[in-house]
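Take a look at the structure below.
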Amino acid sequence: MDVRKEIETAVAQPVVDIAPLSGGCIGQVYRVRLADGQTVVVKVDNGRNPKLDIEGRMLIYLKENSRLPVPTVLHNAPRLLIMEFLPGQSHFSAKAQEHAAELLADLHNVTAPAYGLEWDTLIGGLHQLNTPMASWLDFFRERRLMFMGRMAMDAGRLPASTLSRLERFCGHLDELLAEPARPSLIHGDVWTTNVLATGDRITGFVDPAIYYADPEIELAFTTLFGTFGQPFFRRYEEIRPLPPGFFDTRRDIYNLY
């Protein structure tokens with residue numbers, strides 16, 4: 009693929025400058041300056057089964073259904089995704105963490121009739137099965153833990169004995185987790201490099217893996233790589249208090265996924 013030519017065709021104007029960016033689990037990422045002065049981010053996937061349009065569709069969904077700051081999608085196709093460039097770095101002051109908590113708490117107020125989503129998404133490069141279910145515990149057991157476990161075993165990454173242990177563990181989820189009050193829309197992949205901040209304000213969230221879930225699975229994921237600390241959780245709980253036991257038990261269960 010002639011990247012420059014493909015971009016120019018998609019946006020109907022010349023490319024002035026193009027430079028590679030780090031990040032992204034799939035394909036190549038570029039920072040591109042266009043003739044009209046606009047700076048955009050371009051993702052290109054030359055693989056055998058390109059799926060960049062799923063990422064674009066997720067960003068559009070968040071833009072249309074929430075107030076979470078995400079880049080505007082300018083062109084969306086399986087091999088070529090062009091979106092607004094958002095300024096910022098992945099370093100978060102205490103105030104920025106508080107702002108992130110406010111933004112995610114607001115996102116988690118967006119609800120739906122069932123857990124999952126009407127279409128499947130991706131987390132990184134992995135297929136994320138979202139066929140809706142009325143019960144969160146059933147969804148987490150079947151669509152998350154067991155689905156991912158079977159996929160890992162089929163890929164030779166998980167021994168059959170470990171999958172059997174996972175299946176036995178899933179049989180006890182009802183004793184460890186409770187049904188949430190309602191499904192919440194989540195970003196699905198909140199870790200350091202997928203969040204941007206300037207000073208004390210969050211400027212954007214990128215690379216989503218959306219579906220409707222127990223929002224605690226989102227909060228658990230932020231602790232997996234140390235994305236946010238106490239300022240984030242303190243502010244989040246001021247807005248949406250967490251039932252006891254999240255840090256002691258439920259966080260680690262959700263991070264199995």
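Residue numbers (the numbering used here): 9 to 265.
Quick reminder that beta carbons are idealized off the backbone N, C-alpha and C, glycines included.
In this structure, PHE155 places its C-beta atom within 7 Å of the C-beta atom of LEU137. The straight-line gap separating the alpha-carbon atoms of GLY164 and GLY132 is approximately 19 Å.
Collapsing the DSSP output to three states places ASN202 in a helix. Within the segment 142–168, the runs of alpha helix (DSSP H) at least 4 residues long that lie entirely inside it are, in chain order, 144–147, 155–162. In this structure, LEU94 lies away from VAL52, with their beta-carbon atoms at least 7 Å apart.
Pairing ALA217 with GLY196 gives a Cβ-Cβ distance under 7 Å. A straight-line Cα-Cα distance of about 11 Å links VAL37 and MET91. Distance from the CA of GLN46 to the CA of HIS107, rounded to the nearest whole angstrom, comes to 27 Å. Relative to the Cα of ASP208, the nearest Cα in the group LYS59, GLN97, SER30 belongs to GLN97. By the beta-carbon neighbour count (other beta carbons within 10 angstroms, threshold 16), MET66 is buried. Between ASP215 and ASN202, the C-beta spacing is below 7 Å. If you compare the alpha carbons of PRO239, ALA228, ARG243 with that of ASP256, the shortest gap goes to ALA228.
Contact check for GLY212 against PRO28 fails: the beta carbons are separated by 7 Å or more. Non-local beta-carbon contacts of LEU204 in its own chain, meaning distances under 6 Å to residues more than five positions away in sequence, involve LEU94, GLY96, THR211, GLY212 in chain order. Contact check between the segment 12–28 and the segment 58–65: fewer than three CB pairs, one atom from each, fall below 8 Å, which does not count as touching. Closest by C-alpha distance to LEU70, out of ARG258, PHE177, PRO167, ASP114, is ASP114. Less than 7 Å separates the beta-carbon of PRO191 from that of THR119. Note that the C-beta distance between LEU184 and LEU145 is not below 7 Å.
Going by C-alpha positions, ARG242 is about 24 Å away from LEU264.
PRO121 is the residue among PRO121, MET159, ASN84 whose C-alpha sits nearest the C-alpha of MET141. According to DSSP, GLY212 shares a beta bridge with LEU204.
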